[in-house]
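In this note's numbering, the protein residues as written are 6 to 478.
Positions of the beta carbon are idealized from the N, C-alpha and C atoms, including for glycine.
The structure presented is a predicted model; accordingly, all values stated were derived computationally and were not measured.
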């Protein structure tokens with residue numbers, strides 16, 4: 006809690022400093038122009054920024070007071086713990102007050118809502134909502150411990166009988182033990198590629214983001230003779246547009262499940278919706294194919310490298326990787342910085358050996374000589390090693406059903422800073438009213454995103470072809 010508030014305080018201080026810099030810039034601009042008074046527009050901007058600073062000062066004051074309050078609480082608790090450690094030996098008698106029952110934070114008929122608190126904590130930094138969410142986490146943990154203890158006591162209390170675990174012959178006294186706290190979440194991939202391109206906050210109040218672009222530039226040339234016309238070539242311009250898309254999901258849940266489950270099912274379902282959002286955002290960046298929403302694999306004019314081979318080998322793939330790298334150098338005039346491939350492709354590469362049975366991809370820790378590639382980590386997602394001097398990231402969301410045989414994957418080489426992924430703030434909501442007639446609750450998770458992958462098509466190289474069919478080991 007304290008760490009979160011301190012982070013909020015730091016952000017508020019930085020925002021205030023930025024506003025102060027903008028005000029100073031307005032005043033300095035007027036002084037530079039030799040004006041003693043601000044223009045109407047400058048005065049309006051000055052007043053608006055000053056109002057924002059006053060609001061930010063109020064926020065900082067409130068955060069400071071809350072931080073001091075929590076620090077004092079921590080100090081009191083630490084002093085109490087120290088006293089207990091010094092004087093709390095067994096055998097001493099103390100009078101204590103024990104709380105045997107306390108209403109749960111998010112209970113049936115209560116005045117608080119988990120999803121409303123979650124929204125306020127994430128979007129507004131509301132300290133009261135954050136405290137309730139933290140208290141709810143502790144309540145769930147305590148409840149699960151009580152359930153586990155009750156199950157252990159029930160099993161220990163059964164007398165030994167000449168019965169079996171078959172229903173009707175004693176089996177009813179051996180109930181199934183549900184390890185609710187260790188429930189098995191659905192396995193999903195992460196968002197490796199989406200997290201490795203250039204991130205930016207999605208601007209508010211728009212459904213598209215357009216960037217102007219120089220289509221063809223000016224030119225210079227040697228002047229053949231003095232006093233003759235020099236080269237005159239006009240630049241042309243156009244623009245690239247990224248449409249804002251909505252990535253959303255919902256789940257209808259019976260009120261009874263939310264009320265009677267010993268754990269918060271809304272938390273489990275929300276986490277699963279968020280996990281699937283991560284996958285879909287990653288797929289959007291990699292392989293989306295719609296107007297103004299084009300993913301990396303579908304950018305028009307990218308560097309296409311084809312590897313056609315009925316019996317592919319890692320050694321034959323190697324020069325294709327070099328081609329992918331050099332095409333970025335040649336077309337973008339700046340270097341690429343990352344490779345992305347499916348985990349199965351990297352595993353195929355690490356499994357390859359030369360004619361003497363020696364691996365072609367070897368651990369970087371051994372300082373290999375003449376290695377085709379090196380691996381630094383064993384991951385199913387994320388950084389794994391290097392190839393052609395660039396880091397390799399594996400991402401299970403790279404498709405493996407491409408090509409004529411629907412069994413090919415792709416290798417993407419990229420200058421990652423040339424691709425911009427705009428994202429808003431994820432929002433989670435709960436609605437009872439729309440499903441009130443059937444005693445259900447609708448849980449909803451969504452976010453807005455936009456992708457600029459076509460700014461520099463020559464910053465992207467994609468290796469494709471029959472050489473990337475399902476590998477054999």
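Next item on the list: Could you round the C-beta distance between residue 415 and residue 379 to whole angstroms and report it? I think they count as a contact, below 8 Å.
Entry: Cβ-Cβ separation between residue 415 and residue 379: approximately 22 Å, too far for a contact (criterion under 8 Å).
Margin query: Could you compute how far the alpha carbon of residue 138 sits from the alpha carbon of residue 433?
Written below: In this model, residue 138 and residue 433 are separated by some 14 Å (Cα to Cα).
Checklist line | Bounding residues of the alpha helix (DSSP H) (the contiguous stretch that carries residue 42) | finding: Run containing residue 42: none; DSSP gives neither H nor E here.
Note to self: Residues in the same chain with beta-carbon distance under 7 Å from residue 242, minus the five sequence neighbours each way, listed in chain order, please.
What the structure shows: Excluding residues within five positions, the ones whose Cβ falls inside 7 Å are 217, 218, 219 and 220.
Notebook entry, point to check: Between residue 226 and residue 236, what straight-line distance do the alpha-carbon atoms span, to the nearest angstrom?
Noted result: Straight-line Cα distance between these residues: approximately 6 Å.
Next item on the list: Go through the stretch 397-444 residue by residue and report every complete run of the beta strand (DSSP E) that reaches 3 residues or more, in order.
Entry: Listed in chain order, they are 416-419, 425-428 and 432-436.
Next item on the list: Name, in chain order, the residues that DSSP records as bridge partners for residue 215.
Entry: Answer is 246.
Checklist line | Residue from 447, 397 and 393 with nearest C-alpha to residue 383 | finding: Closest by alpha carbon: 397.
Check: Within this structure, are the beta carbons of residue 199 and residue 450 separated by less than 8 Å?
Finding: No.
Checklist line | Residue range of the unbroken beta strand (DSSP E) whose run includes residue 391 | finding: Looking at the DSSP string, the run of the beta strand (DSSP E) that includes residue 391 is 387-392.
Checklist line | Segments assigned alpha helix (DSSP H), at least 4 residues, entirely inside the stretch 225-298 | finding: Correct list: 260-265 and 270-292.
Item checked: DSSP three-state assignment for residue 221, whether helix, strand or coil -> DSSP places residue 221 in strand when its eight states are reduced to three.
Notebook entry, point to check: Can you tell me whether residue 271 is buried or exposed, with buried defined as 16 or more other CB within 10 angstroms of its CB?
Noted result: Looking at its Cβ environment, which holds 16 or more other Cβ atoms inside 10 Å, residue 271 is buried.
Margin query: Contact defined as beta carbons within less than 8 Å: I believe residue 240 pairs with residue 223. What is the distance between those atoms, to the nearest angstrom?
Written below: Right, the Cβ-Cβ distance comes to about 5 Å (below 8 Å), so this counts as a contact.
Check: Per DSSP, what kind of secondary structure is residue 384 in: helix, strand or coil?
Finding: Residue state, collapsed to three classes: coil.
Check: Does DSSP classify residue 379 as helix, strand or coil?
Finding: Three-state result, residue 379: strand.
Notebook entry, point to check: So residue 463 is in the alpha helix (DSSP H); what residue range does that whole segment cover?
Noted result: Segment: none, residue 463 is in no alpha helix (DSSP H) and carries neither H nor E.
Note to self: Using a 10 Å radius around the Cβ and a threshold of 16 neighbouring Cβ atoms, would you call residue 78 buried or exposed?
What the structure shows: Within 10 angstroms of the beta-carbon of residue 78 lie fewer than 16 other beta-carbons, which makes it exposed.
Notebook entry, point to check: What are the boundary residues of the beta strand (DSSP E) that includes residue 311?
Noted result: First-last of the beta strand (DSSP E) with residue 311: 308-311.
Item checked: Straight-line gap, residue 194 to residue 20 (C-alpha atoms, nearest Å) -> Between residue 194 and residue 20, the C-alpha separation is close to 35 Å.
Next item on the list: Give every residue of the same chain whose Cβ lies closer than 6 Å to the Cβ of residue 385, excluding the five residues on either side of it in the sequence, and list them in chain order.
Entry: The residues are 348.
Note to self: Rounded to whole angstroms, what is the Cα-Cα separation between residue 13 and residue 68?
What the structure shows: Cα to Cα, residue 13 sits roughly 8 Å from residue 68.
Next item on the list: Identify the continuous alpha helix (DSSP H) that holds residue 203 and give its terminal residues.
Entry: Counting along the chain, no alpha helix (DSSP H) covers residue 203; the unbroken beta strand (DSSP E) around it starts and ends at 203-206.
Notebook entry, point to check: Among 475, 460, 453 and 467, which one has its Cα closest to the Cα of residue 212?
Noted result: Closest by alpha carbon: 453.
Item checked: Close beta carbons around residue 208, own chain, < 8 Å, minus the five adjacent residues each side -> Listed in chain order, the non-local C-beta contacts of residue 208 below 8 Å within the same chain comprise 214 and 427, local neighbours out to five positions each way being set aside.
Next item on the list: Quickly, what does DSSP pair residue 346 with across the bridge? List them, please.
Entry: For residue 346, which the question treats as bridged, DSSP gives the partners 399.
Item checked: Reduced DSSP secondary structure (H/G/I, E/B, other) of residue 455 -> Strand.
Next item on the list: Using beta-carbon positions only, say whether residue 250 and residue 298 come within less than 8 Å of one another.
Entry: Result yes, Cβ atoms of residue 250 and residue 298 sit closer than 8 Å.
Next item on the list: Please report the Cβ distance between residue 467 and residue 309, rounded to the nearest whole angstrom; I am assuming they are in contact, meaning their Cβ atoms lie under 8 Å.
Entry: Yes, they are in contact, since the Cβ atoms of residue 467 and residue 309 sit about 6 Å apart, within 8 Å.
Margin query: Let me confirm a value: residue 98 is counted as buried when at least 16 other C-beta atoms fall within 10 Å, else exposed. Which label applies?
Written below: Because residue 98 carries a pLDDT of 42, less than 50, the predicted location of this residue cannot be relied on, and the following value inherits that uncertainty. Its Cβ having fewer than 16 others within 10 Å, residue 98 is exposed.
Note to self: My assumption, with CB atoms under 8 Å, is that residue 420 sits in contact with residue 336. Please give the rounded CB distance.
What the structure shows: With 8 Å as the limit, residue 420 and residue 336 do not qualify as a contact, their Cβ atoms being about 10 Å apart.
Next item on the list: Go ahead and pull the three-state DSSP assignment for residue 319.
Entry: When secondary structure is reduced to three states using DSSP, residue 319 falls in the helix class.
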